[in-house]
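Undergrad: The structure's right below; bear with me while I get my questions together.
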Amino acid sequence: MDQRNLWSRALAAGLALLFVVAAPAAFAEKYDGVTITYDKPIADVQKAAVDALTTVGAPPSKQEPNFVEGKRKNKMGMMVGSGGEMLSVALTSVESGKTEAKVRTTKTFVGRAGQKVWDQQILEEMAKVLGVSPPAAPAAATATQ
Amino acid sequence: MRRLEFAIGALLALCVAGCSTTQSGFRPLGQTYPPQPADFAVEIFESGEPQRAFERIARLDSHFEKTHLIHTSHATAIAELQKQARAAGADAVIEVREMRSRVGETFILHLTGIAIRYAGPPR
């Protein structure tokens, strides 16, 4: 009887933990990254995106003229570890000499509890490389630099 | 008993290997150069620039992430930056920037710098 009671408690604790971990994702507003427009040509913004992803520990595995993507390595920890996020910057030429950049963090299943959104850090590093002022945190959904 | 010891050893090795990452590299800014010898002393200018004329040749990155609340020292990151500078064929590094951040129990240290080559005849 005691053992059954123990299993019931363990199951209840497991379900409670699952709720705590999964609830923020389930109830969060739909996240679609951050979009910002730079007064710079697409080639310059692409290089800045490559440097920014490298700086946050996601050296690009995919580099195209209008898209850069990298993944942060998973690391084991005492409790949750970190890493595993997919980071991407999609680029579009909007006017002569202007480029729209959409920065996005995608959390993955393995190690999700130790993952975070890196958009602001990426935008700050891109701003440093491009020599423009960084967007205020949290990054505006749409901004012009 | 030996199996248990082996399992504990394997687990510890896995933990040590899986709890830290180092990602370093360089991106040429134009013309590429052959690497410097392994014992070449790369100068580091953490502030200011050398008095001699120089050319910027690469952007350098050294990135460290360690879990279990373990820090990486600035000196360790500088040594890695010098290694990357040698690989890029540089004489010195300028515009060194340090960025530290934290995700839970993971401490992150990133150093960037610009690798340069002195203009004129080699030293």
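Chains as they are written, first to last, in our numbering: chain H, 124 to 268; chain G, 4 to 126.
Virtual Cβ for every residue (Gly too), placed ideally from N, Cα, C.
Should the segment 228-239 of chain H be regarded as contacting the segment 191-205 of chain H, the criterion being three or more beta carbon pairs within less than 8 Å?
TA: Touching, yes, given that three or more Cβ pairs across the two stretches are closer than 8 Å.
Undergrad: Please check if any C-beta of chain G sits within less than 8 Å of the C-beta of H:Thr177.
TA: Taking the first residue of the first sequence as 1, we reach residue 177 of chain H at position 54. Judged by the 8 Å Cβ criterion, H:Thr177 is in contact with chain G.
Undergrad: Mind listing the chain G neighbours of H:Val203? Cutoff is C-beta to C-beta under 8 Å, in chain order.
TA: What you label residue 203 of chain H is simply residue 80 of the first sequence in a count that begins at 1. Per Cβ cutoff of 8 Å: Gly107 and Glu108.
Undergrad: Please determine, among H:Thr177, H:Asn197 and H:Val173, the residue with the shortest C-alpha to C-alpha distance to H:Pro188.
TA: Along the first sequence, read from residue 1 onward, the residue named residue 188 of chain H stands at position 65. Nearest option by C-alpha distance: H:Val173.
Undergrad: Does the Cβ-Cβ distance between H:Gly67 and H:Val226 come in under 8 Å?
TA: An answer regarding residue 67 of chain H cannot be provided, because it is not within the stretch 124 to 268 covered by chain H.
Undergrad: Whose C-alpha, out of G:His66, G:Glu58 and G:Arg105, is nearest the C-alpha of G:Gly123?
TA: Taking the first residue of the second sequence as 1, we reach residue 123 of chain G at position 120. Residue G:Glu58 is the option with its Cα nearest to G:Gly123.
Undergrad: Do you know offhand how far G:Pro67's Cα is from H:Ser131's?
TA: Here residue 67 of chain G refers to the residue found at position 64 when the second sequence is read from its first residue. Here residue 131 of chain H refers to the residue found at position 8 when the first sequence is read from its first residue. Correcting the residue type first, residue 67 of chain G is Phe in the shown sequence and not Pro. Straight-line Cα distance between these residues: approximately 43 Å.
Undergrad: On the DSSP bridge assignment, give the partners of H:Glu248 in chain order.
TA: Along the first sequence, one-based indexing puts residue 248 of chain H at 125. Bridge partners of H:Glu248: none, in fact.
Undergrad: Can a CB atom of chain G be found closer than 8 Å to the CB of H:Lys239?
TA: Position 116 of the first sequence, counted from the first residue, corresponds to residue 239 of chain H. Yes, contact with chain G.
Undergrad: Can you tell me whether H:Ala236 is helix, strand or coil according to DSSP?
TA: Taking the first sequence and counting its residues from 1, the one referred to as residue 236 of chain H is at position 113. Looking at H:Ala236 - three-state DSSP - the assignment turns out to be helix.
Undergrad: Name the one or two DSSP bridge partners that H:Pro183 has.
TA: The residue given as residue 183 of chain H occupies position 60 in the first sequence. BP columns for H:Pro183 point to H:Gly193.
Undergrad: Using DSSP's beta-bridge definition, name the partner residues of G:Arg5.
TA: As a working mapping, residue 5 of chain G is identified with position 2 in the second sequence. Partner(s): none; G:Arg5 has no beta bridge.
Undergrad: Please report the straight-line C-alpha distance between G:Ala93 and G:Ile119, rounded to a whole angstrom.
TA: If you number the second sequence from 1, residue 93 of chain G lands on position 90. If you number the second sequence from 1, residue 119 of chain G lands on position 116. Near 5 Å, if we compare the C-alpha coordinates of G:Ile119 and G:Ala93.
Undergrad: Taking the DSSP output, what are the residues bridged to G:Arg59?
TA: Locating residue 59 of chain G in the second sequence gives position 56, counting from the first residue. In DSSP, G:Arg59 forms a bridge with G:Ile119.
Undergrad: Less than 8 Å separating the beta-carbons of H:Thr160 and G:Asp64?
TA: To locate residue 160 of chain H, count along the first sequence from 1; it is residue 37. To locate residue 64 of chain G, count along the second sequence from 1; it is residue 61. For H:Thr160 and G:Asp64, no; Cβs fall outside 8 Å.
Undergrad: Just checking my contact of G:Thr75 with G:Leu112 at CB under 8 Å: how many whole Å lie between their CB atoms?
TA: As a first step, residue 75 of chain G must be located in the second sequence, where it is residue number 72. As a first step, residue 112 of chain G must be located in the second sequence, where it is residue number 109. Right, their Cβ atoms sit about 4 Å apart.
Undergrad: Could you check whether H:Gly200 and G:Glu108 sit closer than 8 Å to each other, using their CB atoms as the reference points?
TA: For the purposes of this step, residue 108 of chain G is identified with residue 105 of the second sequence, where counting begins at 1. For the purposes of this step, residue 200 of chain H is identified with residue 77 of the first sequence, where counting begins at 1. Yes, Cβ-Cβ distance for G:Glu108 and H:Gly200 is below 8 Å.
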